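Those sequence lines, one after another, are chains A and X. Under the numbering used here, the first residue of the first sequence is numbered 1, with each subsequent residue one higher. Under the numbering used here, the first residue of the second sequence is numbered 351, with each subsequent residue one higher. We treat Cβ as the ideally placed atom computed from N, Cα and C, and that holds for glycine. Computed from a predicted model, the values in this text were never measured in an experiment. A short worksheet on the structure shown next.
Protein chains: 2
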Amino acid sequence: MSTGSPGDIPTAGHPNNVSIDEVAKAAGVSTATVSRALRGLPSVKPATTAAVLAAAAQLGYVPSPSASALASGRTRTVGLVAPAISRWFFATTLEGAEHALRAANYDALLYSLPDSQLPRKTFEAEVLARRVDAVVVASMFFSAAEVTQLRQLAVPAIFISVKQPDFPHVGIDDEAAAATAVQHLFDLGHRVIGHVSGSASDRNPAAPTMRRRNGWRAALRARGLSATADLDAPADMTAEGGFGATNALLDRRPDTTAIFAASDETAMGAIHALRGRGLEPGRDISVIGLDGHNLGQVLGLTTVSQPAYQQGFEAARLLLAAADGALLPDQTIFPTELSVRTSTGPAPAA
Amino acid sequence: MSTGSPGDIPTAGHPNNVSIDEVAKAAGVSTATVSRALRGLPSVKPATTAAVLAAAAQLGYVPSPSASALASGRTRTVGLVAPAISRWFFATTLEGAEHALRAANYDALLYSLPDSQLPRKTFEAEVLARRVDAVVVASMFFSAAEVTQLRQLAVPAIFISVKQPDFPHVGIDDEAAAATAVQHLFDLGHRVIGHVSGSASDRNPAAPTMRRRNGWRAALRARGLSATADLDAPADMTAEGGFGATNALLDRRPDTTAIFAASDETAMGAIHALRGRGLEPGRDISVIGLDGHNLGQVLGLTTVSQPAYQQGFEAARLLLAAADGALLPDQTIFPTELSVRTSTGPAPAA
DNA sequence: AACGCCAACGTAAGCGCTTGCATTGACCGC
DNA sequence: GCGGTCAATGCAAGCGCTTACGTTGGCGTT
């Protein structure tokens, strides 16, 4: 802490070539003590800690993460893996995770797949080797080879949205969310309820799209409605995908009066398709999504919303807690909520 | 390269505690040679390099980035800074940047501000100290203090979208893009053209919102139209912001027949506001945005689209080239393109 | 008064790489 | 046939931390 007198030579915020040794010298202690004091270890006398902190501030000391990581084996970095960043759910969960990490002074290492095409590129976990203490995977199902690679990183990992066997999982109850959507449509009098679902390449019981599809099917059958394959239109989880699938669905089943879309982005595509056919969403055909996309309101999209930001935040927080010895819960399920807007309405009289 | 004979003890993909020394031993060379061979330095005989690579693969060697960074002073990591991830432009540019980095075997360190509220939290460049070789800043104007901090990192930095003085810049010609939008509306016969612009806290000549506002104003005046303050409605660059600003604008100036929104998300909010007032976009009032948001099509949003992904990609690529000695161009301007959809139409007959 | 204990700190050996500076031959020209 | 050159490689000193272990001295015990 400088006295403010003119002529102070070394000022805070200087070129970052100040090492721990110089701080030690300035504080009149050993480097070991500086290291301990800087990390707030209890075995340092408070007065000493204060002196070290003062010296560090005075010299503008900034620790070297590489040196620290090399010596300790811990990187204070968490890998964030997602198939794409530009889709709403991923962007939002990643933002939540990044904030949780930043708050704990951890770094977020971003990894998105080279392209969002299907079949997607395989994830090479090796790029994270020796550089992360933990991994958050956002909604991406891993092949056996990818799981093996992930395991070899030998760091805790958590999956958001997708239920990867033998890994902890943060997400929502997809079946229940789908049932909520169907119930809403059913209450409005709809009896022919189509599903614009996840892409066919996601035929995996762990994928959220698959669970939503199952939830839709089960909910229909529980109400004595038919859930035949021609009511189920697979799509990429994008607006474009929803657009195409909806058109295909309505070509096959013109008697459809309501559509449950597996994500808000596909639902928006569905709305686009309806308008293209001269149909008014919520009057001629009802559309409900699942997400809580921030643009849903603009379109008047009825949806079952899920807390995406919080899922990312919580996934990261759990991982950090695990680093402190806490044990990772197998499942962390967040609630969903029905938001009724204008894209759903009473079934037209037959 | 194993011969495939059974009984091979060490197989590729093993626990990552194999160090360069063991590879050296296995290959019968020194660690220095291994280091050089692994990095493909030219001073190693091809046969030696091959032997080293084989040994490394055989042992499942994975380099330690921390050790490499500590010894060389280069981290092979680039910081990606954005005010928020969940907004379309940021998510998309970050994705582009991440892909460029990944392709060059660089890591992307993500930094987003703790919250997207205004006034935003200050960016503490110190969190990037000693851990990145370069920084990409996506559309965020820096205060003097923040610039000072950024400078102290002593690494190259590039700004996307915002024109930070004395820093290289990747972006579009915002004035021209605004002029394109105005021209389109003018051609349709509109004479009272409002602007839903960036938030008031962005009153900075370097901010893209400010430049778009200037472009709008200049384009109106060049056509002999009035561009008074009551036609200019500041908004957060979100759908919610656009919604509120549009309502305010129409309350003030009910004679408005067209709106130029500074981003697609605000434009979507504007459309929402119109519908709320019983007005049909493109018929009663025209709306044009600026971005090329992937959901624009769903809403039939006319827009001046910009290549967001490419801007991120190019920013990262330029930085990597600079690391190889190339010099950073001051300005890299990408073209924009008018996409006419249904949210704009002829001015209603007065 | 002698002893043990423990809080507080120091010593020094790494962590796993990179790189400046030798060193070693092979090959060349005269 | 001998010094010189240069390509290819080895040696070893770090890079800036962390941490196991050793040391010190003040204090409570008996």
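- Item | Residues, ordered as in the chain, of the region 607-618 of chain X that lie near chain A by beta-carbon distance below 7 Å | The region 607-618 of chain X vs chain A, Cβ under 7 Å: 618.
- Task: For residue 340 of chain A, count neighbouring C-beta atoms within 10 Å of its own C-beta (all shown protein chains included) and say buried if the count is 16 or more, exposed if not.
- Result: Here residue 340 of chain A is exposed: its Cβ has fewer than 16 other Cβ atoms, across all protein chains shown, within 10 Å.
- If the cut is a Cβ gap below 9 Å, which residues of chain A does residue 462 of chain X touch? Under the 9 Å cutoff, chain A gives 94, 95, 98, 99, 102 and 108.
- Query: Does any CB atom of chain A fall closer than 8 Å to the CB of residue 647 of chain X?
  - Reply: Answer yes: the Cβ-Cβ gap between residue 647 of chain X and chain A drops below 8 Å somewhere.
- Spell out whether any CB of chain A is found under 8 Å from the CB atom of residue 688 of chain X. The beta-carbon of residue 688 of chain X is placed no less than 8 Å from the nearest beta-carbon of chain A.
- Using beta-carbon positions only, say whether residue 62 of chain A and residue 480 of chain X come within less than 8 Å of one another. Yes, they are a contact pair.
- The alpha helix (DSSP H) spanning residue 57 of chain A covers which residue range? Here the alpha helix (DSSP H) through residue 57 of chain A covers 46-59.
- Query: Closest to residue 315 of chain A by CA distance: which of A:46, A:100, A:31 and A:42 is it?
  - Reply: Taking only the C-alpha atoms, the option nearest residue 315 of chain A is A:100.
- Looking at the C-beta of residue 307 of chain A, does it have a partner C-beta in chain X at a distance below 8 Å? No, no contact with chain X.
- Query: Span of the beta strand (DSSP E) holding residue 313 of chain A?
  - Reply: Careful: residue 313 of chain A lies outside any beta strand (DSSP E), inside the alpha helix (DSSP H) at 308-323.
- Task: Give the secondary structure of residue 80 of chain A by DSSP, where H, G and I count as helix, E and B as strand, and everything else as coil.
- Result: Residue 80 of chain A: strand per DSSP, three-state reduction.
- Task: Name the two residues that bound the continuous alpha helix (DSSP H) containing residue 24 of chain A.
- Result: DSSP places residue 24 of chain A inside the alpha helix (DSSP H), whose first and last residues are 20-27.
- Under the three-state DSSP convention, the category residue 473 of chain X falls into: It is coil, neither helix nor strand.
- What distance in whole Å lies between the Cβ atoms of residue 483 of chain X and residue 431 of chain X, which are believed to be in contact at a cut-off of 8 Å? About 14 Å separates the two Cβ atoms, so there is no contact after all.
- Item | Start-end ranges of the beta strand (DSSP E) lying completely within the region 512-545 of chain X, minimum 3 residues | Within the region 512-545 of chain X, the complete beta strand (DSSP E) runs of at least 3 residues are 519-522.
- Query: For residue 521 of chain X, does the count of other Cβ atoms within 10 angstroms reach 16, so buried, or fall short, so exposed?
  - Reply: Buried: at least 16 other Cβ atoms inside 10 Å.
- Item | Partners in chain A for residue 430 of chain X, counting only beta-carbon separations shorter than 9 Å | Those are 110, listed as they occur along chain A.
- Item | Beta-carbon separation (whole angstroms), residue 286 of chain A vs residue 332 of chain A, contact threshold 8 Å | Between residue 286 of chain A and residue 332 of chain A, the beta carbon gap of about 32 Å keeps them out of contact (Cβ cut-off 8 Å).
- Are at least three pairs of beta-carbons, each pair with one atom in the region 286-302 of chain A and one in the region 250-268 of chain A, less than 8 Å apart? Below 8 Å, enough C-beta pairs join the region 286-302 of chain A and the region 250-268 of chain A to call them touching: three or more.
- In three-state DSSP terms, what is residue 85 of chain A? Coil at residue 85 of chain A, not helix or strand.
- Task: Count the other C-beta atoms from every protein chain shown that fall within 10 angstroms of the C-beta of residue 265 of chain A, then say buried if there are 16 or more, exposed otherwise.
- Result: So residue 265 of chain A ends up on the buried side.
- Amino acids of chain X, ordered along the chain, whose beta-carbon sits closer than 8 Å to that of residue 209 of chain A: Residues of chain X passing the Cβ test: none, with the nearest at roughly 19 Å.
- Query: Where residue 457 of chain X and residue 72 of chain A are concerned, what is the direct C-alpha to C-alpha distance, given to the nearest angstrom?
  - Reply: One alpha carbon belongs to residue 457 of chain X, the other to residue 72 of chain A, and they sit about 21 Å apart.
- Message: Can you list, in chain order, the residues of its chain with a C-beta nearer than 7 Å to that of residue 580 of chain X? Leave out the 5 residues immediately preceding and following it.
- Response: Apart from sequence neighbours up to five positions away, the residues of its chain that approach residue 580 of chain X with a beta-carbon distance below 7 Å are 602 and 603, ordered along the chain.
- Based on the DSSP secondary-structure assignment, which residues constitute the bridge partners of residue 111 of chain A? Residue 111 of chain A has A:81 as its beta-bridge partners, per DSSP.
- Item | CA nearest to the CA of residue 670 of chain X, picked from X:367, X:426 and X:386 | Just measuring C-alpha positions, the residue of X:367, X:426 and X:386 sitting nearest residue 670 of chain X is X:426.
- Taking only beta-carbon atoms, is residue 277 of chain A less than 8 Å away from chain X? Answer no: the Cβ-Cβ gap between residue 277 of chain A and chain X never drops below 8 Å.
- Item | Straight-line Cα distance separating residue 270 of chain A from residue 500 of chain X | In this structure, the straight-line span from the alpha carbon of residue 500 of chain X to that of residue 270 of chain A is close to 45 Å.
- Query: Among X:590, X:648, X:632 and X:600, which residue has its Cα nearest to the Cα of residue 267 of chain A?
  - Reply: Among X:590, X:648, X:632 and X:600, the Cα nearest to that of residue 267 of chain A is on X:648.
- Under 8 Å between C-beta atoms of residue 448 of chain X and residue 110 of chain A: One thing to note: residue 448 of chain X has its Cβ within 8 Å of the Cβ of residue 110 of chain A.
- Message: Give me the chain X residues within the contact set of residue 156 of chain A, using Cβ-Cβ distance strictly less than 8 Å, ordered along the chain.
- Response: Per Cβ cutoff of 8 Å: no residues; residue 156 of chain A is ~16 Å from chain X at best.
- Whole-number beta carbon distance between residue 42 of chain A and residue 139 of chain A, since they are thought to touch under 8 Å: For residue 139 of chain A against residue 42 of chain A, the beta-carbon gap comes to about 41 Å, at or over 8 Å, which does not count as contact.
- Message: Tell me which residues share the same chain as residue 302 of chain A and place their Cβ nearer than 6 Å to its Cβ, disregarding the 5 neighbours each side in the sequence.
- Response: So the qualifying residues of the chain are 288, 340, 341, 343 and 344.
- Query: Where residue 379 of chain X and residue 404 of chain X are concerned, what is the direct C-alpha to C-alpha distance, given to the nearest angstrom?
  - Reply: The straight-line gap from Cα to Cα measures roughly 13 Å.
- residue 616 of chain X by DSSP, collapsed to three states: which one? Note: residue 616 of chain X maps to helix in three-state DSSP.
- Query: What's the call for residue 493 of chain X, buried or exposed, on a 16-neighbour Cβ count within 10 Å?
  - Reply: By the 16-neighbour rule on beta-carbons within 10 angstroms, residue 493 of chain X is exposed.
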